[in-house]
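Participant: Using this note's numbering, read the sequence shown as starting at 8 and increasing by one per residue. Every residue gets a Cβ at the ideal spot worked out from N, C-alpha and C, and that includes glycine. If you're wondering where the values come from, they're calculated on a predicted model, not measured in any experiment. This is the structure, below, for whatever I ask next.
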Amino acid sequence: MEPGTIPQTAGHPHDLTSNGATNGHATPASATNGAAFVPHVGDPFAGSAEPAVAAQDSYASLQHAEPVAQQPSRTPEEQAAWDEYERQQAEYERQLAEYERQQAAYAQQVAEQAAAEAPATDPNAFVVDTAPTTEAAVTPEPATAPEPALSSEEPAASAEDEDDFDDFVAEGLTRSRGSARAARSDVEAAIMLGLVTPEQVHDLQGQAMEAGRTVESLLIEQNVLGPEALARAVSERHGIDLVDLNLFKVDFAAANLIDPAAAKRYEALPVKMVDERTVLVAMVDPANIIVLDDISLMTGLDVRPVVASREDVATAISRLTRLDDVVTDDGTIEDREEDDGVVDLRGGSDDAPVIKLVNQIIAQAVERGTSDIHLQAGEFGLRVRYRIDGVLLDALDVPKKMAPGVVSRVKIMATLDIAERRIPQDGRISLTIDGHKLDLRVVTLPSVHGEAVIMRILDKSNVVMDLDILGMREREREAFETGFHQAYGAVLVTGPTGSGKSTTLYAALGAINTPEKNIITIEDPVEYQLHGVNQVQVNPKAGLTFANGLRALMRADPDVIMIGEIRDGETAQIAIESALTGHLVLSTLHTNDAPSAVSRLIEMGIEPFLIGSSIETIVAQRLARKLCKYCKQETELSVDVLKVNGFERDEPLRAWEPKGCVRCSNTGYKGRAGLYEVLSATDEIRELITARATADEIGAAARKAGMRTLREDGIAKVESGLTSIQEVARVCGTT
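Following this line, the structure appears as structure tokens:
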């Protein structure tokens, strides 16, 4: 048996702090009925804090018995009960003596190790008393022991639990080694860990006594011991793991399990669901069994405590409260009338858990730079995912009992019919977060397990109006600027959905938006409002389509026309005719590359000679994730690796690759950069278009004139360390 390890059946019924909290776990409320004391497994007097009382309560016949000297005989039942009591008492005393012996041996071992590692000090300096104590004793675990059980009635953690814990570590959770278990206070633990010196503590003892304060508070106040250092001392003293809430992702569904007022009072916050019956709780004082039991009682879950600094806990609680308050409805879709039921629900209490959760989901999405929020209905609840940098990432899971309420809340905010669950619906939410106005385009879809909701976030304050931010290289930028600075003609931007086409067009409009020009846009929908630009939103229900809207725009004396998307032949015909009649037309198409835009227009019924005469510039683009600057690592890409990713080279390529860290959510990427292919209409290309040349022939002529393809631009940005070869292959394809 390792020194300091309590035997399986040992327990001290007077030791209120040696249960649960010291091994990193609390007994669930169902086992304790909210009481502060929970007996150890195997305690012969389980359920009582006094052995004598337990024995007398158990054996009623002895409660009023005469002293032994005055009672010549007992019945066989009384004698058997008395013998059993004495046997259990003797066994308890034997176990307690063994426990105290092991605790003393361990304390001596720790003290000797600390003395050997610590530098020599003044013999008159303050010395930490490492004498063993049976009250508030803390039992170290053997190095090979499994993770402690989640409660006194649970088995030890399984290997699967250990794997789950390792996932947490990458997100800001650090294991405790229990290297200061012998300390009787947090300050002593800090001294043993070398975080403060005995002299520093000794100097403050007098001040603390005079001021009626603790040495700990003075150490923090005078910046001798920082909040993080104190949290580490608490962690190592109690053998409970440490969490950094600046790095750890707080699960809103878990945080909402207790009221913010209770969280502030307890200085504790649920931060993550470990499994369906266990919640991870960040605490300032993980040894407070009353708090552990209260949280377990409030949540109905087992509690697994972790240590966090007081400042981190307060900041996290404050931030969650702020997220509750910042999301406010600012408006709804025009021409929609709210019935009385919707108005009443919208005016409900902001303290409702569902309302708080929806607000937090939206606010955190905006904070993390999310473009789309996905609420996916499943068998066990609602799966919340954020599309960040073009890739969906899991955010949290909403319990099944809350899922319908969350979906209904979003539908109410978007003024949708909450009773209609059989058909898709779409709406819009206008709101304000931290003074920034946002629009959310909302789509609901019926699915097997319930309604799914997708919200596209349109941040009005985040519109890019600067060409520098696009990330075009010098040649591509010059060709693009030459195109949209023409007095007339067509400039087209192509690419798949979500490739940043609208952003590129807005940047172009920003560059030419002057008082001398009348700029009119027709969009579906108007994603961002531009100062000084007349913007028209398509409304098919009212009869306003791209085609008839364009006809109306032609009578409004425009200099520049921006069409959100050319979707059909009629719109394409009007756009090309406008470009030929003295207007600059900017629009988007869905094609894989720049030369294919010509083929697409011909398929829509536009005569090739009209296309050849009107086209000035075609830009094809993609958005590739940028490597995280904090964790990217240099590597050499072999010829085989390049070939697998669709790049033919005769020699290896020095490049960078993703690794993953807490700053990039372990993806290895942070932010996005554009890859561009800019085709300028030369005389040769115009002749090829008029002659109905294929996209390949047009592309060959463009490359001969200096055009770099998307893949070539991607390789250049791989070599510069901006992105990875895998990311270029993902967005551009491998062929």
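1. According to DSSP, is Ala459 helix, strand or coil?
2. Do three or more CB pairs link the stretch 312-331 to the stretch 243-258 at distances below 8 Å?
3. Is it the case that the stretch 716-732 contacts the stretch 659-679, given that we only count it when at least three CB pairs across the two stretches are under 8 Å?
4. Are three or more beta carbon pairs between the stretch 456-464 and the stretch 381-393 nearer than 8 Å?
5. Spatial neighbours of Thr511 within its chain, please: CB distance less than 7 Å, with the 5 preceding and 5 following residues excluded, ordered by chain position.
6. Please report how far the alpha carbon of Arg710 lies from the alpha carbon of Thr716, in whole angstroms.
7. Give me whichever residues DSSP pairs with Met569 in a beta bridge.
8. Output the distance between the C-alpha atoms of Met472 and Gln536, rounded to the nearest integer angstrom.
9. Taking 9 Å as the cut-off, decide whether the C-beta atoms of Leu474 and Arg484 are in contact.
10. What span of residues does the alpha helix (DSSP H) with Val533 cover, start to end?
11. Quick one: any contact between the stretch 289-299 and the stretch 261-274, if contact means 3 or more CB pairs under 8 Å?
12. As an exercise, report each continuous alpha helix (DSSP H) stretch of at least 4 residues that is fully enclosed by the stretch 363-406, in chain order.
13. On the DSSP bridge list, what partners appear for Tyr676?
14. Within 10 angstroms of its Cβ, does Gln371 collect 16 or more other Cβ (buried), or is it exposed?
15. Quick test of your reading: Met462 and Ile380, contact by CB under 8 Å. State the CB separation rounded to the nearest angstrom.
16. Going by the CB atoms, is the gap between Val592 and Ala497 shorter than 9 Å?
17. Please determine, among Asp319, Arg574, Ala604, the residue with the shortest C-alpha to C-alpha distance to Asp703.
18. For Val500, write down the residues that DSSP places opposite it in a beta bridge.
19. Please report how far the alpha carbon of Glu427 lies from the alpha carbon of Leu237, in whole angstroms.
20. Taking one C-beta from the stretch 315-325 and one from the stretch 249-264 each time, how about it: are there three or more such pairs within less than 8 Å?
21. Between the Cα of Asn546 and the Cα atoms of Thr181, Pro565, Asp531, Asp193, which residue gives the shortest distance?
22. Applying the criterion that 16 or more other CB atoms from any shown protein chain within 10 Å of the CB defines a buried residue, is His492 buried or exposed?
23. Does Ala563 pass the burial test, meaning 16 or more other C-beta atoms within 10 Å, or should it be called exposed?
24. So is Pro162 buried or exposed if we call it buried at 16+ other beta carbons inside 10 Å?
25. Note down the Cα distance separating Gly434 from Glu523, rounded to an integer number of angstroms.
26. Closest to Glu655 by CA distance: which of Ile526, Asp575, Phe616, Ala736 is it?
27. Alpha carbon to alpha carbon, how far is Val651 from Pro234? Give it in angstroms, no decimals.
28. Can the beta-carbon of Leu226 be found closer than 9 Å to that of Gly179?
29. On the three-pair Cβ rule with 8 Å, is the stretch 633-649 touching the stretch 605-613?
30. What are the partner residues of Asn541, as DSSP defines its beta bridges?
31. From what residue to what residue does the alpha helix (DSSP H) around Gly721 run?
32. Report yes if the C-beta distance between Gly507 and Leu630 is below 9 Å; otherwise report no.
33. Specify, as a first and last residue, the run of the alpha helix (DSSP H) that Met409 falls within.
34. Beta strand (DSSP E) containing Thr2: first to last residue?
35. Quick check on Thr335: buried or exposed, where buried means 16 or more other Cβ atoms within 10 Å of its Cβ?
36. Have a look at Leu729 and Ser687 and give me their C-alpha separation to the nearest angstrom.
Facilitator: The structure says:
1. Position 452 of the sequence shown, counting from 1, holds the residue named residue 459. Residue state, collapsed to three classes: strand.
2. The stretch 312-331, when compared against the stretch 243-258, does touch it at the 8 Å Cβ threshold.
3. yes
4. yes
5. Stepping through the sequence shown from its first residue, residue 511 is reached at position 504. Closer than 7 Å at the Cβ level, and outside the excluded window around Thr511, lie Leu477, Val500, Val626, Gln628.
6. The sequence position of residue 710 within the sequence shown is 703, counting from 1. The sequence position of residue 716 within the sequence shown is 709, counting from 1. Going by the C-alpha atoms only, they are around 8 Å apart.
7. As a first step, residue 569 is located in the sequence shown; it is residue number 562 there, counting from the start. Partner(s): Thr528, Leu593.
8. Indexing the sequence shown from 1 puts residue 472 at position 465. Indexing the sequence shown from 1 puts residue 536 at position 529. Those two C-alpha atoms are separated by around 12 Å.
9. Along the sequence shown, read from residue 1 onward, the residue named residue 474 stands at position 467. Along the sequence shown, read from residue 1 onward, the residue named residue 484 stands at position 477. Contact flag set, yes.
10. Taking the sequence shown and counting its residues from 1, one reaches residue 533 at position 526. Run containing Val533: none; DSSP gives neither H nor E here.
11. Result yes; three or more Cβ-Cβ pairs closer than 8 Å.
12. Along the stretch 363-406, the alpha helix (DSSP H) does not occur as any fully enclosed run of 4 or more residues.
13. As a working note, residue 676 is residue 669 in the sequence shown. Its beta-bridge partners are Leu634.
14. Translated into positions along the sequence shown, residue 371 becomes position 364. Classification of Gln371: buried, given that the 10 Å Cβ count is 16 or more.
15. Position 455 of the sequence shown holds residue 462. Position 373 of the sequence shown holds residue 380. Right, the Cβ-Cβ distance comes to about 4 Å (below 8 Å), so this counts as a contact.
16. Sequence index remark: in the sequence shown, residue 497 carries index 490 (1-based). Sequence index remark: in the sequence shown, residue 592 carries index 585 (1-based). Yes, the pair counts as a contact, with Cβ atoms nearer than the cut-off.
17. Position 696 of the sequence shown, counting from 1, holds the residue named residue 703. Checked all of Asp319, Arg574, Ala604; the closest Cα to Asp703 is Ala604.
18. Indexing the sequence shown from 1 puts residue 500 at position 493. Val500 pairs with Thr595, Val626.
19. Numbered from its first residue, the sequence shown carries residue 427 at position 420. Numbered from its first residue, the sequence shown carries residue 237 at position 230. Rounded to the nearest angstrom, the two C-alpha atoms are 54 Å apart.
20. yes
21. Locating residue 546 in the sequence shown gives position 539, where the first residue counts as 1. Cα-wise, what sits closest to Asn546 is Asp531.
22. For the purposes of this step, residue 492 is taken as residue 485 along the sequence shown, with counting starting at 1. So His492 counts as exposed.
23. Position 556 of the sequence shown, counted from the start, is the residue given in the question as residue 563. Burial call: exposed.
24. Walking along the sequence shown from the start, residue 162 turns up at place 155. Legend: pLDDT at Pro162 = 36, less than 50; position of this residue unreliable, value from coordinates given subsequently. Exposed is the call here.
25. Taking the sequence shown and counting its residues from 1, the one referred to as residue 434 is at position 427. Taking the sequence shown and counting its residues from 1, the one referred to as residue 523 is at position 516. Computed Cα separation, rounded: 37 Å.
26. In the sequence shown, counting from the first residue as 1, residue 655 sits at position 648. It is Ala736.
27. Here residue 234 refers to the residue found at position 227 of the sequence shown. Here residue 651 refers to the residue found at position 644 of the sequence shown. Straight-line Cα distance between these residues: approximately 50 Å.
28. Start at 1 with the first residue of the sequence shown, and residue 226 comes out as number 219. Start at 1 with the first residue of the sequence shown, and residue 179 comes out as number 172. Against a cut-off of 9 Å, the Cβ pair of Gly179 and Leu226 comes out as no contact.
29. In short, these stretches do not touch, since the Cβ pair count stays below three.
30. Here residue 541 refers to the residue found at position 534 when the sequence shown is read from its first residue. Bridge partners of Asn541: Ile527.
31. Position 714 of the sequence shown, counting from 1, holds the residue named residue 721. Counting along the chain, the alpha helix (DSSP H) containing Gly721 begins and ends at 717-726.
32. Here residue 507 is taken as the residue at index 500 of the sequence shown, counted from 1. Here residue 630 is taken as the residue at index 623 of the sequence shown, counted from 1. Contact flag set, yes.
33. By one-based count along the sequence shown, residue 409 stands at place 402. Per DSSP, Met409 belongs to no alpha helix (DSSP H) and is neither H nor E.
34. Residue 2 falls outside the range modelled here, since the chain spans only 8 to 742, and no answer is possible.
35. As a working mapping, residue 335 is identified with position 328 in the sequence shown. In this prediction, Thr335 has a pLDDT of 48, which is less than 50 and means its spatial position is unreliable; what the coordinates show is noted afterwards. So Thr335 counts as exposed.
36. Along the sequence shown, read from residue 1 onward, the residue named residue 729 stands at position 722. Along the sequence shown, read from residue 1 onward, the residue named residue 687 stands at position 680. Using only the alpha carbons, I get a separation of about 26 Å.
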